[in-house]
Each structure stands twice: as structure tokens, then as C-alpha cells.
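**Q** Read in order, the letters of the sequence shown are residues 113 to 188 in our numbering.
All C-beta atoms in this analysis are idealised placements derived from N, C-alpha and C, irrespective of residue type, glycine included.
Keep in mind the model is a prediction, meaning the values are calculated, not measured.
Got a structure for you, written out below as C-alpha cells; questions coming shortly.
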Amino acid sequence: MFEFFLFMLIVLGFIAGSSFVYVLTIRMSKRLDTRPTQPMDSLLREEIESLTVRLGRVEDELEFYKRLQAPEEPDS
């Protein structure tokens, strides 16, 4: 009999947890949908462009550092 109650407790816990996650997901998606999308899109595009430029600079500096640290080749 104890096993049956334990099984029912597990099943009911699974159902309650699943419904809680479902309700939480629905509320979060509604909260995201109420924001205006146009200003956020333009800000994200600007930030991506800024990050792209900064990444290019870092790659250039890394290449310079590699050349600076490379051993000098003797003249043949």
C-alpha cells in the first residue's frame, strides 16, 4: 500500500511541476510579446555591428602579437 501512495505522490508531483513550468512559460512569453520590437531590433543591430568591429580589432591585434612573438628567421 505504501508503494501505491509513493507512486501517486510521484505522478501528482510530476503533473503539478509540469503545469507550473507551462504556466511560467506562458507568462514569460506574454511579457516578451508586449515590448515594442522596432527600437530593440535597431539597438541589437547596432550592438552587433559594434561587436563585429571590436572583434576585427582583436583579431588584428592577435595576429600582430603572434608575429611579434614568432622567432626571427635567419637570412639564407
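(1) Whole angstroms are fine: how far does the CA of F119 sit from the CA of M113?
(2) Say yes only if the C-beta of L174 is nearer than 7 Å to one or more non-hydrogen atoms of the ligand HEM, and no if none qualify.
(3) Going by DSSP in three states, M152 sits in which element: helix, strand or coil?
(4) Quick one: grab the DSSP three-state call for M113.
**A** On the basis of the coordinates in this document:
(1) Rounded to whole angstroms, the separation of the alpha carbons of F119 and M113 is 10 Å.
(2) The model on display carries no ligand, and the ligand HEM is accordingly not part of it.
(3) In the structure shown, M152 sits in a helix (DSSP, three-state: H, G or I).
(4) coil
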